[in-house]
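Chains as they are written, first to last, in our numbering: chain G, 83 to 335; chain W, 52 to 315.
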Amino acid sequence: MARQTLTRDLAISVDDLGVRFRRNRRGRRNIKDLFANASRRNRPGEFWALRGVSFDVRPGESIGVVGRNGQGKSTLLKLVAGVLLPDEGRVAVHGGVAPLIELTGGFVGDLTVRENVRLTAGLHGMAKSEVNRRFDSIIEFAELEKSIDTPYKHLSNGMKVRLAFSVVSQLEEPILLVDEVLAVGDKAFREKCYRRIDELLAEGRTLFFVSHNEKDLRRFCTRGLYLAHGRLALDASIEEVLDAYNADNPTSG
Amino acid sequence: MSETTVGAPGSARRYVHSLWLLSARDLKVRYATSALGYLWSVLDPLVMSIIYWFVFTQVFQRGAGEQPYILFLITALLPWVWFNICVSDFTRAFRKDAKLVRSTAIPRTIWVNRIVLSKGIEFLFSLPVLVLFAIFSPGAQVGWGLLLFPVAVLLQTVLLVGLGLIVAPLCVMWGDLERTTRLVLRAMFYATPIIYSIGDLPAPFDALAVFNPLAGVITLYRVGFFPGQWDTAAVAVAAAEAVVILLVGIWTFRRMERTVLKEL
Chain G
83 MARQTLTRDL
93 AISVDDLGVR
103 FRRNRRGRRN
113 IKDLFANASR
123 RNRPGEFWAL
133 RGVSFDVRPG
143 ESIGVVGRNG
153 QGKSTLLKLV
163 AGVLLPDEGR
173 VAVHGGVAPL
183 IELTGGFVGD
193 LTVRENVRLT
203 AGLHGMAKSE
213 VNRRFDSIIE
223 FAELEKSIDT
233 PYKHLSNGMK
243 VRLAFSVVSQ
253 LEEPILLVDE
263 VLAVGDKAFR
273 EKCYRRIDEL
283 LAEGRTLFFV
293 SHNEKDLRRF
303 CTRGLYLAHG
313 RLALDASIEE
323 VLDAYNADNP
333 TSG
Chain W
52 MSETTVGAPG
62 SARRYVHSLW
72 LLSARDLKVR
82 YATSALGYLW
92 SVLDPLVMSI
102 IYWFVFTQVF
112 QRGAGEQPYI
122 LFLITALLPW
132 VWFNICVSDF
142 TRAFRKDAKL
152 VRSTAIPRTI
162 WVNRIVLSKG
172 IEFLFSLPVL
182 VLFAIFSPGA
192 QVGWGLLLFP
202 VAVLLQTVLL
212 VGLGLIVAPL
222 CVMWGDLERT
232 TRLVLRAMFY
242 ATPIIYSIGD
252 LPAPFDALAV
262 FNPLAGVITL
272 YRVGFFPGQW
282 DTAAVAVAAA
292 EAVVILLVGI
302 WTFRRMERTV
312 LKEL
């Protein structure tokens, strides 16, 4: 009972989370996999990308996820976004999520910028009237006024990131997930994105931020999660987490 | 939240909203990108009907089916095209839009159901062709059995959703399955009473044909124009099989969902 009332006040609640991947893409699969009771069993050729991770996030907190490449940062973000399902444990997210997790942001190459905005915003739950109302400001923010009817695949990488950030940051969801995609944009646009994130944080949104950039992490985050070897090594203030990370990885800056 | 979002995540309203968005996009692409647009929905079954009509009435002496044979063909070929396109699209249901699947947390069954829905709408759009042939074929008649037509559509929908939930995730695991499915579909076409009726089959095969769920579905489509086609056993078996396939599909999909997401 007590646990129940407690979790309701949380934005994200992650409990003993684990997810497992195949080591080798060519690994044999057979029809037996379908029937085998797979939970809590170690199978050859598989490894735990993330295991035994538990933490709670209160609404309005801004969390930075720190760790070297391949330590499960993006996997954690995907599990919170619900685009990957855990093999053990559970993730409870209260309220919707605005995920900015892939460079592509889920856009379709053959459709135009206009169609993509309608489709993606719609798939994230935005009503049609709302998309219409916000369409101009989305395009304006992304600085793509001249490319509205250009197929998405013809945009430059920078333009793609701008569009993705623009759409996702317009979603009225209480939780914002940002993967390291912002590193791609140019400096001026990055500043603009950061101002937007500041605005969203000021409105009381919850931020879940994955980055290698120490400056960004210190700027936005109050709390840090340090992932090492698929486990949660440290859950503390962002300063402590960055200090621990730097102590473990002296060459990285 | 106010009206800025459509229902809560995971609600039925949000499901329908997302499903419709993707299906509408499919139709838009289909009708907007090609000059022939709408014609494509009817051209395929129409050309097939004319070929079979020519081969079986002009070249060979037809010993199967009913008169008017062209109407007999079209009543089965239109739903067959729906079935065929759906099942071959199931094999690519996740791969085709892998990026979208990887980045939007909509219920994963939508990737299957949007195929059934958008191709189903194309099927409904192609029905005027059937109406035209029913009116203008000499000797064609229409009976109360036509009321079973919507039942046939419903039964085929259940069957397709069930098959999709099985085929789509399995094809992500095993690439070979894509080609196997195409082969099975080709065999299915001749194993299904489309260019003939169940009654035309010789002794052991007519009993076997009853166990093909499509046989019952096509019976339901045809009975409005050809009351003699009614076959209680085939319809009952089809209904039972469709429900079983749907249940197996739901189970399979649940088992495979997490692995599918990892593989994409």
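Yeah, the Cβ is synthetic: ideal placement off N, Cα and C, and Gly gets one too.
Express the C-alpha separation of residue 256 of chain G and residue 249 of chain G in angstroms, rounding to a whole number.
15 Å
Applying a beta-carbon distance threshold of less than 8 Å, which residues of chain W neighbour residue 218 of chain G?
Ordered by position in chain W, no residue passes the 8 Å Cβ test against residue 218 of chain G, which lies about 16 Å from the chain.
Segments of 3+ residues assigned as beta strand (DSSP E) that fall wholly inside the segment 174 to 242 of chain G:
179 to 182
If you check the beta carbons only, do residue 102 of chain G and residue 129 of chain G fall under 8 Å apart?
yes
Nonlocal neighbours in the same chain, by C-beta distance under 8 Å from residue 253 of chain G, ignoring five residues either side
178, 180, 203, 206, 207 and 208
Give a yes or no on whether the minimum CB-CB distance between residue 336 of chain G and chain W is below 8 Å.
Nothing can be reported for residue 336 of chain G: it is not among the residues displayed for chain G, which extend from 83 to 335.
Check this for me: beta carbons of residue 285 of chain W and residue 266 of chain W, under 8 Å apart or not?
yes
For residue 123 of chain W and residue 247 of chain W, the rounded distance between their alpha carbons:
9 Å
Could you tell me the alpha carbon to alpha carbon distance between residue 127 of chain W and residue 164 of chain G, rounded to whole angstroms?
42 Å
Spatially closest choice to residue 207 of chain W from W:104, W:268 and W:242, by CA coordinates:
W:268
Straight-line gap, residue 184 of chain G to residue 280 of chain W (C-alpha atoms, nearest Å):
54 Å
Cutoff 8 Å: residue 302 of chain G Cβ touching any chain W Cβ:
no
Grab the span of the beta strand (DSSP E) containing residue 98 of chain W for me, first residue to last.
Element bounds for residue 98 of chain W: not the beta strand (DSSP E) but the alpha helix (DSSP H), 90 to 104.
Which residue wins for smallest C-alpha separation from residue 180 of chain W, given the options W:314, W:98 and W:226?
W:98
Leaving aside the five residues before and after residue 143 of chain G along the sequence, list all residues of the same chain whose C-beta is less than 8 Å from its C-beta, in chain order.
93, 288, 289, 304 and 305
Between the CA atoms of residue 326 of chain G and residue 140 of chain W - distance to the nearest angstrom
50 Å
With C-beta atoms as the reference, is residue 226 of chain G less than 8 Å away from residue 201 of chain G?
no
At a cut of 8 Å, does the segment 193 to 209 of chain W reach the segment 282 to 300 of chain W through at least three beta carbon pairs?
yes
Grab me the residues of residue 308 of chain G's own chain with a C-beta within less than 7 Å of its C-beta, minus the 5 sequence neighbours each way, in chain order.
148, 149, 315, 316, 323, 326 and 327
Any beta carbon of chain W sitting closer than 8 Å to that of residue 212 of chain G?
yes
Can you list the beta strand (DSSP E) stretches of 3 or more residues lying completely in the segment 249 to 305 of chain G, in chain order?
257 to 260 and 288 to 292
Tell me the residue span of the beta strand (DSSP E) that contains residue 145 of chain G.
144 to 148
Short of 8 Å Cβ to Cβ, which residues in the segment 134 to 163 of chain W face chain G?
148, 150, 151, 152, 153, 154, 155, 156 and 157
Can you give me the Cβ contacts of residue 176 of chain W inside the same chain, cut-off strictly under 6 Å, excluding the 5 residues immediately before and after it?
92
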